[in-house]
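*Asks:* Following this message is one structure expressed as structure tokens.
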Amino acid sequence: MTDSTRPGGMLGDLTRARSARTARASSFDQTGRNRDNWIIMPGEERTLADIEGPGFITHIWMTQSCRIQPGPGQIDPSVVGVPMLEIHNALGVSWEVVDPDYYRKVVLKMYWDDQETPSVVAPLGDFFGLMNSLSGSFDSLPLSVSAKEAELHSFGGSAAFNSYFRMPFGTRARIVVENQNDIPYLQYFYIDYELVKEPLPEETVYFHAHWRRALPNAGWGPDLQSNSIETTVANLDGADNYVALETEGRGHYVGCTLAVRHFQGSWWGEGDDMIFIDDDTWPPSLHGTGMEDYFGHAWGMQHNAYLFNGTIVHEENVPGFHHSYRFHMADPIRFEKRIKVTFEHGHGNHLSDEWSSTAYWYQTLPSPVLEIPPVDQRLPLRPVDRVIEVALPELTDEQRAARDAADERMRTFTERRDRMRAERRSQIDEWEQGNADIARDVRARFDATGE
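Numbering (the working numbering), first residue to last: 0 to 450.
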């Protein structure tokens with residue numbers, strides 16, 4: 000008989016005291032000052048958290064910045080107390096331009112229980128729902144993005160990320176970022192977690208996430224209008240569908256985010272969702288009726304963001320781009336042996352749009368080997384403005400001297416900036432080790448307490 004005195008569910012759990020210790024790894028300034036970010040240099044991998052289990056990651060918050068400096072600023076970088084000046088370039092004080100693609104150039108990885116390969120691997124922005132490096136705000140139960148309003152719907156726009164996915168680990172959790180860019184970026188972060196003393200139950204399944212892309216989906220009739228009579232061909236196997244997730248093991252699929260770069264200008268979402276479970280042949284265990292239906296909308300996608308489904312970036316706001324999400328938190332899709340989550344790109348797969356997605360699921364260990372394409376194959380297909388360049392005219396002595404002075408000022412500025420970056424890089428070496436030491440101390444003090 001069910002124990003009626005122990006309420007279940009997320010809110011019900013708040014009515015019971017449990018033996019656990021809550022702690023955090025973060026980018027706080029370990030000198031006690033206010034430089035609360037980590038500089039991540041080009042090609043560098045940093046471990047944000049290295050935690051002894053058993054326990055659970057309960058919340059992750061991140062925000063970050065990556066600025067290109069085409070010219071010298073008039074303020075010494077070593078005396079600037081904030082990561083970016085945010086002084087309008089027109090004033091001539093500083094010259095900073097956001098890297099529009101950097102959310103795709105930074106990779107987020109998570110490792111559980113000393114596995115050699117990650118159980119989570121995705122571009123940083125895409126993991127949280129900021130896809131194509133294109134900012135958009137949304138609020139769902141497991142993920143949210145809060146985009147800076149002045150930079151909403153811009154590439155590389157500033158934003159804050161949150162994840163509330165619960166992520167168990169038995170012996171160890173390691174969360175890593177890798178900067179695959181050719182310039183540094185700054186990372187702020189909280190990684191909140193809960194330690195327990197008892198081993199995880201035998202039936203525990205572990206959090207996974209994986210990013211995929213089709214560049215583009217190969218369609219048989221991309222020039223044919225969606226919903227036209229000619230596109231109503233039969234698809235009786237789903238063999239050419241876009242694959243968002245394919246894995247073996249036991250567990251449950253809990254949703255995805257999907258970005259579509261639509262080229263034709265009609266309607267991208269007429270394809271059906273088809274989810275094959277275990278030994279499915281045809282039809283699959285779950286066969287849907289259209290992409291807007293899978294995402295919980297109808298008659299196209301609306302400008303709505305709900306707990307489990309909705310729109311992040313709507314094609315009416317940014318023509319040619321549509322970003323959506325669907326989370327199966329209340330209706331997980333369970334599998335005993337394997338699962339394959341697929342979507343038609345246009346009915347019968349006639350469209351050749353570019354699709355990318357991050358799938359989220361829980362399954363038994365060991366994790367599948369998850370990989371993503373190299374950085375040059377991940378960059379978003381941004382609209383590119385036409386630029387006309389002309390050769391310099393014959394320069395006067397004054398003009399030549401002005402250009403030489405600008406070159407010299409840039410050389411001096413770059414030397415000071417790079418010296419400051421090197422000092423910070425050395426400091427982050429200490430803070431990275433400091434975070435691991437703090438986590439070990441929290442674990443030891445918790446284990447030393449009585450039951």
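Beta carbons: idealized from backbone N, C-alpha and C, even for Gly.
(1) Among residues of its own chain, excluding the 5 on either side of G248, which ones have a beta-carbon nearer than 7 angstroms to its beta-carbon?
(2) Taking the alpha-carbon positions, what's the G80 to A358 distance?
(3) Please return the same chain residues whose Cβ sits closer than 8 angstroms to the Cβ of P71, not counting the five positions on each side in sequence.
(4) First and last residue of the alpha helix (DSSP H) that includes L10?
(5) Quick one: grab the DSSP three-state call for H346.
(6) Return the bridge partner residues of F320 from the DSSP annotation.
(7) Report yes if the C-beta distance between T532 and T57 is below 9 angstroms; otherwise report no.
(8) Can you tell me whether L306 is buried or exposed? The criterion is at least 16 other CB atoms within 10 Å of its CB, across all chains shown.
(9) Could you tell me which of I274, L140 and G155 sits nearest to S284, measuring between CA atoms?
(10) Counting pairs of Cβ atoms below 8 angstroms between the stretch 138 to 155 and the stretch 196 to 212, do you hit three or more?
(11) Please return the same chain residues whose Cβ sits closer than 6 angstroms to the Cβ of V441, not counting the five positions on each side in sequence.
(12) Which one or two residues does DSSP pair with I39 in a beta bridge?
(13) Need the endpoints of the beta strand (DSSP E) that K108 sits in, please.
(14) Are the stretch 49 to 69 and the stretch 173 to 188 touching by the rule of at least three beta carbon pairs closer than 8 angstroms?
(15) Check whether the stretch 100 to 113 touches the stretch 161 to 171, counting contact only when three or more Cβ pairs, one atom from each stretch, lie closer than 8 angstroms.
(16) So, using beta-carbon positions, are W37 and V120 closer together than 9 angstroms?
(17) In the DSSP output, what is D191 paired with across the bridge?
(18) Would the stretch 325 to 343 count as touching the stretch 301 to 315 if we require 3 or more Cβ pairs under 8 angstroms?
(19) Quick one: what does DSSP say E353 is sitting in, helix, strand or coil?
(20) Might you give, ordered along the chain, the residues of its own chain that have their beta carbon closer than 7 angstroms to the beta carbon of E245, omitting 5 neighbours on each side?
(21) Does the Cβ of M40 lie closer than 8 angstroms to at least one heavy atom of the ligand NAP?
(22) Going along the chain, which residues of its own chain have a beta-carbon closer than 7 angstroms to the beta-carbon of W281, five neighbours each way excluded?
(23) Measure how close the beta-carbons of S136 and L151 come, nearest whole angstrom, since I'm counting them as under 8 angstroms.
(24) Hey, V105 and N178: beta-carbon distance below 9 angstroms or not?
(25) For R399, which three-state DSSP category applies?
(26) Between E393, W267 and R418, which lies nearest to H344 when the distance is taken from Cα to Cα?
(27) For A213, which three-state DSSP category applies?
(28) Given a threshold of 16 other Cβ atoms within 10 Å of its Cβ, counted over all protein chains shown, does W298 qualify as buried or as exposed?
(29) By DSSP's criteria, F168 is part of a beta bridge. Which residues make up the other side?
(30) So, for H349: in the same chain, excluding its five sequence neighbours on each side, which residues have a beta-carbon less than 6 angstroms away from its beta-carbon?
(31) Since T252 and G128 are thought to touch, with beta carbons under 8 angstroms apart, how far apart are those beta carbons, to the nearest angstrom?
*Replies:* Answer, in terms of the structure:
(1) For the purposes of this step, residue 248 is taken as the residue at position 249 of the sequence shown. If we look at G248 and ignore the five residues flanking it on each side, its Cβ neighbours are Q362 and T363.
(2) Residue numbering aside, residue 80 sits at position 81 when the sequence shown is read from its first letter. Residue numbering aside, residue 358 sits at position 359 when the sequence shown is read from its first letter. Roughly 38 angstroms separates the two Cα atoms.
(3) Within the sequence shown, numbered from 1, the residue matching residue 71 stands at position 72. Excluding sequence neighbours, P71 sits near W94, A405, R408, M409, T411, F412 and T413.
(4) Along the sequence shown, one-based indexing puts residue 10 at 11. L10: member of the alpha helix (DSSP H) spanning G8 to G11, first to last residue.
(5) Residue numbering aside, residue 346 sits at position 347 when the sequence shown is read from its first letter. In the structure shown, H346 falls within a helical segment according to DSSP collapsed to helix, strand and coil.
(6) Taking the sequence shown and counting its residues from 1, the one referred to as residue 320 is at position 321. Answer is R260, bridged to F320.
(7) Nothing can be reported for residue 532, as the shown portion of the chain is limited to 0 through 450.
(8) Reading the sequence shown from its first residue, position 307 is the one you call residue 306. Burial call: exposed.
(9) Within the sequence shown, the letter at position 285 stands for residue 284. Per the Cα distances, I274.
(10) With the cut-off at 8 angstroms, the stretch 138 to 155 and the stretch 196 to 212 do not touch.
(11) Residue mapping note: residue 441 aligns to position 442 of the sequence shown, counting from 1. Sequence-distant partners of V441 (beyond 5 residues in either direction) whose C-beta falls short of 6 angstroms from its own C-beta, in its chain, are A22.
(12) Mapped onto the sequence shown, residue 39 falls at position 40. Y184, per the DSSP bridge assignment.
(13) As a working mapping, residue 108 is identified with position 109 in the sequence shown. Secondary structure note for K108: its beta strand (DSSP E) is the uninterrupted segment V105 to W111.
(14) These segments touch.
(15) Look at the beta carbons and you see the stretch 100 to 113 touching the stretch 161 to 171: at least three pairs across the two are nearer than 8 angstroms.
(16) Locating residue 37 in the sequence shown gives position 38, counting from the first residue. Locating residue 120 in the sequence shown gives position 121, counting from the first residue. In this structure, V120 does not lie closer than 9 angstroms to W37 by Cβ.
(17) Position 192 of the sequence shown, counting from 1, holds the residue named residue 191. Answer is R23 and H58, bridged to D191.
(18) With the cut-off at 8 angstroms, the stretch 325 to 343 and the stretch 301 to 315 touch.
(19) What you label residue 353 is simply residue 354 of the sequence shown in a count that begins at 1. Three-state DSSP puts E353 in a strand.
(20) Counting from 1 along the sequence shown, the entry for residue 245 is found at position 246. Excluding residues within five positions, the ones whose Cβ falls inside 7 angstroms are K339.
(21) Ligands displayed in this structure: none; no statement on the ligand NAP is therefore possible.
(22) Here residue 281 is taken as the residue at index 282 of the sequence shown, counted from 1. Scanning its chain for C-beta atoms nearer than 7 angstroms, with the 5 sequence neighbours on each side dropped, one finds around W281 the residues L235 and D236, in chain order.
(23) On the sequence shown, position 137 is the one that residue 136 refers to. On the sequence shown, position 152 is the one that residue 151 refers to. Yes, S136 and L151 are in contact; Cβ-Cβ is about 7 angstroms, under 8 angstroms.
(24) Position 106 of the sequence shown, counting from 1, holds the residue named residue 105. Position 179 of the sequence shown, counting from 1, holds the residue named residue 178. Yes.
(25) For the purposes of this step, residue 399 is identified with residue 400 of the sequence shown, where counting begins at 1. Here DSSP, grouped into helix, strand and coil, assigns R399 to helix.
(26) Here residue 344 refers to the residue found at position 345 when the sequence shown is read from its first residue. The alpha carbon of H344 has as its nearest neighbour, out of E393, W267 and R418, the alpha carbon of W267.
(27) Numbered from its first residue, the sequence shown carries residue 213 at position 214. Here A213 sits in strand by DSSP.
(28) Numbered from 1 along the sequence shown, position 299 holds the residue referred to as residue 298. Residue environment: W298 is assigned as exposed (fewer than 16 neighbouring CB atoms within 10 Å of its CB, all protein chains considered).
(29) Stepping through the sequence shown from its first residue, residue 168 is reached at position 169. Its beta-bridge partners are G54.
(30) Sequence index remark: in the sequence shown, residue 349 carries index 350 (1-based). G218, W219, G220, L223 and T230.
(31) Here residue 252 is taken as the residue at index 253 of the sequence shown, counted from 1. Here residue 128 is taken as the residue at index 129 of the sequence shown, counted from 1. Here residue 252 turns out to be Tyr, not Thr, going by the sequence shown. Between Y252 and G128, the beta carbon gap of about 17 angstroms keeps them out of contact (Cβ cut-off 8 angstroms).
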